Each structure stands twice: as C-alpha cells, then as structure tokens.
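Everything on this sheet refers to the single structure shown next.
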Ligand SMILES: Nc1ncnc2c1ncn2[C@@H]1O[C@H](COP(=O)(O)OP(=O)(O)O)[C@@H](O)[C@H]1O
Ligand SMILES: [Mg+2]
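Residue numbers (our numbering), protein chains in the order written: chain P, -10 to 242; chain Y, 20 to 327.
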C-alpha cells in the first residue's frame, strides 16, 4: 500500500478545498440560512408541523442531504476531471499507485469535505430551530456513508465527463431535482397517492427518510429499506469504478 | 553494458485505429544518455507514455530493471521520472507543495532536504513559495523536471525538454543532464533538435512512422554515415566537369563557381591530394576551400528519406 501517495493526494485535494474556503463554507451557511428564512418562515407559518415536528426542524435533515449529495458529486467529479482537463493526470498515471489508492484518496477527500459541510449546516440550523437528534450514531452513519457513496458517484461522473457541461449536468439536472422531489421539504405522505407511488422510484427518498429517522424517529419508508438502498447505491458505484479501472475507460489511451 | 529497459515487440494502436508504434524493439543501457530522434508524429511521445504507464500497449512487453511494467508496475514506476512534453501544471499550487506532492505520489517519505536540493539545482529555490501560475514558461519546464526528480528516480525520461526554451536555459538543461548521468541516472530524451542529440547522447535511436529505423552509438552512427565534403571556390566558373576528373565524385554548384568533392573521411586515402594535383594539371584554379563534416541532421534526413 502506497500510504505516502494516499496522503499526498488527500492533502492536495484538501488544500484545494482550503483555497476555496470562503466559497466552500460561507456559501452553504448563507444558503442554509436563506432556506430557513424562505421555507421556514414563509411556508412554515402555513405548515405548522409535519408528523408532530415543527416545520423548520423537519427540513433540517433534508437540507443537509441536499448539500451532501450535490457537494459530494460536484467535488469528487471536479477533483478527478480537472487533472484530466489540464493534463496533470499524466503524473498520477505514471506513479506507483493502485486504482484502489486513487479512489480512496480522491473519494476520501471529497467525502471529508461533504461531512464538514454537513456538520456546518447542522450547527447553523441549531441557531434557527430547536434540534433533536434521537440516534446520533445512526445520524453519523448516514452522514458518512452518504458522503462516500455520492463522492464515489461524483468520481465516476468526473471520469465519464469530457467537458464542463457534462460535469455540471448530473448535479444540476439529476441530483438537485431528485433531492427536492425526494422529500427534503415535505413528507411523502403529504402527496396524493399517485405521486407517493412515483416518489418511491426516487432513490433519494430513502436516503432522506433514513436520515430524518435518525433525528426524529419519523420516516416515510422503513429504515431497513433505506439501508438497503444505500447499500445498493454503494455496491453499484463500486462495481462501476472497478470496471472503469479494469478497462481504463476514459482514463488511459 | 547492462540493460536497464528492454522493450520487446511493442505495438500501439489508438482507439481511432491509428497505429502509432509498430513492433518496436529497443534496449536502453544502464547509465547512458539515449536520444530518441524523430520527426513530429513519429511516435516518440507514445513510446515514452507506454513505458511510463500512461498509455496501454496493444501488444508486446516492456521490462524495467527486470520487472514487467504491467505485472510489477509499482517496482518499475518507482524507478522512473517523467518530464512530459506539454507544460502541464496546476495553477494555484505553490512550487514547494507541488514538488513535495510528487515525491509522496511516488511513495517516498517526505524529505525537505532533498526537495531543497532539487529546487536549488534547478534555480527555483527563490520561487518555492510562488504559485505556479506566476512562473515563466522556462521556469515551468524546470518545475516539471524538479517534480520528476523529487523521488530520486534511477531513470529519467525527458520528452522534448528544450522545445521552445531559450539558449541559456538549454545550456543549463544540458549541464543538468550531464550531472544526473554522472550520478548514475539513465536518461532517455526525445528531441527533434539534432544538435541536442549530437551534443548530449551516447547512443541515438531514430524513429519514424512508429518504427525504429536505426539504433547506434552516436560516434559510430556518424562514422558509418558521415561523409565529408570539400568545397573549392573556383577563380573562373566551369561549364562542366572536365573529363580528366571524371573518376572523382565531383559536383558543380553555384553556377559552376563551386566544385564539391564528397569523400569518406574515415578511409585511409581521402583522394584529396591526387584531386588537387589533377586540378593543377587541367588548369583549374581555386581561390579558397572549405571542408564540412555531415551533421546528424544530414544523416537523419537521409535516413528518413530512405525509409519513406
Ligand atoms: N490519443 C491519440 N489518438 C489517436 N492518435 C494519436 C493519439 N495520440 C497520438 N496520436 C497519433 O500518433 C502519432 C504519434 O504521436 P506522438 O507519439 O505524439 O508523436 P511524437 O511525439 O513523435 O511527435 C501521431 O500521428 C499522432 O497524431
Ligand atoms: Mg511528442
């Protein structure tokens, strides 16, 4: 195992995050605050409670998930796409590092950033609404696993992308809508039956539901199903990464 | 001499269907400076990229220090430093960080003293805290060399290291290469500057259209193919070569004012003396003369022309 290489890549990626610290940390704090003002105050004054939880508090897990998913995907995809774009990937390809080490370090760095952001949003939320975390360990488990899984997805997108449009396509046109429609800001139960059924095809519903359960012990779907969905996500992503490296897809000529 | 890199039946066909390397066989000797010469698009970068693990070979094998580059990539890649042809660098990293990063990437524990030495050797020490984007082109080139040397490689690939580099930096680069060789590093450089190969290399390989067409000691190559030319600037121009001189390899140039004699400089008898005597006999007078050894460039041009 080339520990020095993992450390070097991880450090490099984290310092990239550090350079854009303002943007990385300030922007989620601001946007979270905005969500609370817009959704919490404006809509929250009409929807007092969802499943017995104050509306402002209800949306916290969804808000965190929204950031985790979009940030994990965009960070990890950028992290591997950029060296491809500038050509500096030559160094990575000529170095004595295994594919496993490459994935661990890039995905690890992207996931770390997401976890930090999730924590910041959690703390920011505490200033606006009364928070309660019924199962802190489960909460952490969902937070970490989701960050890694979607960073892995981001890595795949970064490898696949051959232009900046594609890089932005998936986060913007797939992840964000799925998250908004996945019950970030409402309970699936509030929808008409037809749309409830449709929602069940949205994988993000399961993530948000499980995450919210760890806070308030309320869930749209069974906890076991949520866990199974994350496991499937992770499994599929891992399989695709393994395939990419086996074939050199879009990495090596 | 011991072989350090052994390339055997190496072929590369890109996904576009273009065959950039055709059954390349090549041995690089430990501690030598090997110059790979070839026109643009000959396959130099492809060959280097394949040896370094950036490009997948379609066929054939490469061994470095006894290890296969695919089965035992960790062992082989640890030995190799690569300076790419293109100036590909990060923009926002500092010089110090990017060189330290390279060392770590190649599995070496941090060693600030070594990084310091490398940066000083490449006159980058006073730039160590600068962001890469503030460096000039020449400095970026040196930075890429510093990155390649950060992990103390035994073999260094330089892909057109002096392309677009000013004369002074070229001299510095040549000196650096000599110092590295003296410390036991094997160096493979590609270039299309013939004088660079002539100046630096122990051996020269010529590649054209994906095929190695000759590999030879530089001195041997020049001797084998090296012809000398004697040019006589005549007092009066000649319409044609006098019959009495038909036995010599002579040509007229410059509207008959220059008489050119081509001969083999390595031969015992160059034929210059009898030629001059015969010229006097037929009454051809000259005011000046000049000899010229054919350069690698001439050799190269004639080689490439012969093959194509
Ligand atoms: N990724 C690629 N796909 C298809 N053809 C390529 C690719 N890279 C290089 N080539 C072609 O392969 C040939 C050799 O290229 P290269 O090795 O870069 O030559 P050199 O370094 O000697 O100038 C060229 O004709 C080039 O157009
Ligand atoms: Mg080239």
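Each residue gets a CB set at the ideal place from its N, CA and C atoms; glycine is no exception. Every value quoted in this text rests on a predicted model; they were computed, and no experiment measured them.
Worksheet item: For the segment 61 to 78 of chain Y against the segment 232 to 244 of chain Y, are there 3 or more C-beta pairs whose distance is under 8 Å?
Response: Taking 8 Å as the limit for Cβ pairs, the verdict is that the segment 232 to 244 of chain Y does not touch the segment 61 to 78 of chain Y.
Worksheet entry | Contact test: residue 37 of chain Y Cβ vs ligand 1 heavy atom, cutoff 7 Å | Translated into the one-based positions of the second chain, residue 37 of chain Y becomes position 18. Residue 37 of chain Y has its Cβ nearer than 7 Å to a heavy atom of ligand 1.
Practice prompt. Measure how close the beta-carbons of residue 330 of chain Y and residue 161 of chain Y come, nearest whole angstrom, since I'm counting them as under 8 Å.
Written response: Any property of residue 330 of chain Y remains undetermined from this structure, which presents chain Y solely from 20 to 327.
Worksheet item: Listed in chain order, which residues are found with a beta carbon closer than 7 Å to a heavy atom of ligand 2?
Response: One residue list follows from the rule of a beta carbon closer than 7 Å to any heavy atom of ligand 2, given in chain order as Y/63, Y/64, Y/104, Y/178, Y/179 and Y/209.
Worksheet item: Just to check, is the beta-carbon of residue 61 of chain Y closer than 7 Å to a non-hydrogen atom of ligand 1?
Response: Along the second chain, one-based indexing puts residue 61 of chain Y at 42. Ligand 1 has a heavy atom closer than 7 Å to the beta-carbon of residue 61 of chain Y.
Fill in: First and last residue of the uninterrupted beta strand (DSSP E) at residue 259 of chain Y
For the purposes of this step, residue 259 of chain Y is taken as the residue at position 240 of the second chain. Run containing residue 259 of chain Y: none; DSSP gives neither H nor E here.
Practice prompt. Determine the extent of the alpha helix (DSSP H) in which residue 108 of chain P is found, giving its start and end residues.
Written response: As a first step, residue 108 of chain P must be located in the first chain, where it is residue number 119. Element bounds for residue 108 of chain P: 88 to 117.
Fill in: In DSSP terms, what residue 203 of chain P is bridged to
Indexing the first chain from 1 puts residue 203 of chain P at position 214. None, per the DSSP bridge assignment.
Worksheet item: Just by C-beta distance, which residues in the segment 50 to 77 of chain Y are closer than 8 Å to chain P?
Response: Going along the segment 50 to 77 of chain Y in chain order, one finds 68, 71, 72, 73, 74 and 75 with a Cβ nearer than 8 Å to chain P.
Worksheet item: Looking at C-alpha atoms only, which residue of Y/163, Y/268, Y/254 and Y/213 is the closest neighbour of residue 291 of chain Y?
Response: Numbered from 1 along the second chain, position 272 holds the residue referred to as residue 291 of chain Y. Per the C-alpha coordinates, the member of Y/163, Y/268, Y/254 and Y/213 positioned closest to residue 291 of chain Y is Y/268.
Item to complete: Would you mind giving the Cβ-Cβ distance between residue 140 of chain P and residue 103 of chain P, rounded to the nearest angstrom? I have them listed as a contact below 8 Å.
Response: Here residue 140 of chain P is taken as the residue at index 151 of the first chain, counted from 1. Here residue 103 of chain P is taken as the residue at index 114 of the first chain, counted from 1. Contact flag correct, Cβ pair sits at about 7 Å.
Worksheet entry | Close-in-space but distant-in-sequence residues of the same chain around residue 125 of chain Y (CB under 7 Å, 5 per side omitted) | Within the second chain, the letter at position 106 stands for residue 125 of chain Y. Excluding residues within five positions, the ones whose Cβ falls inside 7 Å are 97 and 170.
Worksheet entry | Boundaries of the alpha helix (DSSP H) in which residue 175 of chain Y is found, first to last residue | Indexing the second chain from 1 puts residue 175 of chain Y at position 156. That residue, residue 175 of chain Y, is in no alpha helix (DSSP H); its beta strand (DSSP E) goes 174 to 178.
Worksheet item: Could you give the distance in angstroms between the alpha-carbon of residue 131 of chain P and the alpha-carbon of residue 221 of chain P?
Response: Start at 1 with the first residue of the first chain, and residue 131 of chain P comes out as number 142. Start at 1 with the first residue of the first chain, and residue 221 of chain P comes out as number 232. One C-alpha to the other measures close to 14 Å.
Fill in: Given residue 214 of chain Y as reference, the closest of Y/190, Y/201, Y/229 and Y/233 once Cα atoms are compared
The count along the second chain starts at 1 and reaches residue 214 of chain Y at position 195. Out of Y/190, Y/201, Y/229 and Y/233, Y/190 has the C-alpha closest to the C-alpha of residue 214 of chain Y.
Worksheet item: Does DSSP classify residue 82 of chain Y as helix, strand or coil?
Response: Here the question's residue 82 of chain Y lines up with position 63 in the second chain. It is a strand residue.
Fill in: Between the CA atoms of residue 174 of chain P and residue 201 of chain P - distance to the nearest angstrom
Taking the first chain and counting its residues from 1, the one referred to as residue 201 of chain P is at position 212. Taking the first chain and counting its residues from 1, the one referred to as residue 174 of chain P is at position 185. In this model, residue 201 of chain P and residue 174 of chain P are separated by some 11 Å (Cα to Cα).
Discussion item. Closest to residue 301 of chain Y by C-alpha separation, out of Y/86, Y/259, Y/172 and Y/317, would be which residue?
Written reply: On the second chain, position 282 is the one that residue 301 of chain Y refers to. Per the Cα distances, Y/259.
Item to complete: May I ask which residues mark the beginning and end of the alpha helix (DSSP H) holding residue 27 of chain P?
Response: The count along the first chain starts at 1 and reaches residue 27 of chain P at position 38. No alpha helix (DSSP H) holds residue 27 of chain P; DSSP gives it neither H nor E.
Worksheet entry | Beta-carbon separation (whole angstroms), residue 65 of chain P vs residue 99 of chain P, contact threshold 8 Å | Translated into the one-based positions of the first chain, residue 65 of chain P becomes position 76. Translated into the one-based positions of the first chain, residue 99 of chain P becomes position 110. Taking 8 Å as the upper bound for CB-CB distance, residue 65 of chain P and residue 99 of chain P are in contact here, some 4 Å apart.
Fill in: is_contact[residue 31 of chain P, chain Y] using C-beta, thresh 8 Å
Within the first chain, residue 31 of chain P is the residue found at index 42, counting from 1. Between residue 31 of chain P and chain Y, the shortest Cβ-Cβ separation is not below 8 Å.
Discussion item. Excluding the 5 residues flanking residue 273 of chain Y on each side, which residues of the same chain have their C-beta closer than 7 Å to its C-beta?
Written reply: Residue 273 of chain Y sits at position 254 when you count from the first residue of the second chain. Same-chain partners within the cutoff: there are none.
Discussion item. Any C-beta of chain Y within less than 7 Å: which residues of the segment 154 to 181 of chain P qualify?
Written reply: Across the segment 154 to 181 of chain P, no CB contact with chain Y closer than 7 Å is found for any residue.
Worksheet item: Looking at residue 116 of chain Y and residue 25 of chain Y, is the spacing between their C-beta atoms short of 8 Å?
Response: Translated into positions along the second chain, residue 25 of chain Y becomes position 6. Translated into positions along the second chain, residue 116 of chain Y becomes position 97. In this structure, the beta-carbon distance from residue 25 of chain Y to residue 116 of chain Y does not fall below 8 Å.
Worksheet item: Can you list the residues of chain Y that residue 83 of chain P reaches, using a CB-CB cut of under 8 Å?
Response: For the purposes of this step, residue 83 of chain P is taken as residue 94 along the first chain, with counting starting at 1. Residues of chain Y with a Cβ closer than 8 Å to the Cβ of residue 83 of chain P are, in chain order, 71, 72, 73, 96, 99 and 101.
Fill in: Whether residue 226 of chain Y touches residue 322 of chain Y by CB criterion (8 Å)
On the second chain, residue 226 of chain Y is found 207 positions in, with the first residue counted as 1. On the second chain, residue 322 of chain Y is found 303 positions in, with the first residue counted as 1. Cβ distance not < 8 Å, so residue 226 of chain Y and residue 322 of chain Y don't count as in contact.
Discussion item. Against chain P, which members of the segment 107 to 128 of chain Y pass a CB distance test of less than 9 Å?
Written reply: Taking a C-beta cut-off of 9 Å against chain P, the contacting residues of the segment 107 to 128 of chain Y are 107, 108, 109, 110, 111, 112, 116, 117, 119, 120, 121, 122, 123, 124, 125, 126, 127 and 128, listed in chain order.
Practice prompt. Out of Y/109, Y/304, Y/41 and Y/60, state which residue places its alpha-carbon closest to the alpha-carbon of residue 77 of chain Y.
Written response: Within the second chain, numbered from 1, the residue matching residue 77 of chain Y stands at position 58. Closest by alpha carbon: Y/41.
Worksheet item: Is residue 242 of chain P near ligand 3, judged by its Cβ being under 7 Å from some heavy atom?
Response: Looking at this structure, you won't find ligand 3 anywhere; what it does contain is ligand 1 and ligand 2.
Discussion item. Along the chain, where does the beta strand (DSSP E) containing residue 228 of chain Y start, and where does it finish?
Written reply: To locate residue 228 of chain Y, count along the second chain from 1; it is residue 209. Premise fails: residue 228 of chain Y is in no beta strand (DSSP E) and is neither H nor E.
Worksheet entry | Identity of the residues DSSP links to residue 17 of chain Y by a beta bridge | The question about residue 17 of chain Y has no answer, for chain Y in this structure spans 20 to 327.
Worksheet item: Which residues mark the beginning and the end of the beta strand (DSSP E) in which residue 282 of chain Y is found?
Response: The count along the second chain starts at 1 and reaches residue 282 of chain Y at position 263. Where residue 282 of chain Y is concerned, the enclosing beta strand (DSSP E) stretches over 277 to 282.
Worksheet entry | Expected contact under 8 Å - CB spacing of residue 103 of chain Y and residue 199 of chain Y to nearest Å | What you label residue 103 of chain Y is simply residue 84 of the second chain in a count that begins at 1. What you label residue 199 of chain Y is simply residue 180 of the second chain in a count that begins at 1. Here residue 103 of chain Y is actually not in contact with residue 199 of chain Y; their C-beta atoms are around 17 Å apart, not less than 8 Å.
Discussion item. Are the CB atoms of residue 58 of chain P and residue 110 of chain P within a distance shorter than 8 Å?
Written reply: Start at 1 with the first residue of the first chain, and residue 110 of chain P comes out as number 121. Start at 1 with the first residue of the first chain, and residue 58 of chain P comes out as number 69. The answer is no: Cβ separation not under 8 Å.
Practice prompt. For the alpha helix (DSSP H) containing residue 27 of chain Y, list its first residue and its last residue.
Written response: Translated into positions along the second chain, residue 27 of chain Y becomes position 8. Under the DSSP assignment, residue 27 of chain Y falls outside any alpha helix (DSSP H), being part of the beta strand (DSSP E) whose first and last residues are 22 to 32.
Discussion item. Counting beta carbon pairs with one atom in the segment 247 to 262 of chain Y and one in the segment 56 to 66 of chain Y, are three or more of them shorter than 8 Å?
Written reply: Result no; under three Cβ-Cβ pairs closer than 8 Å.
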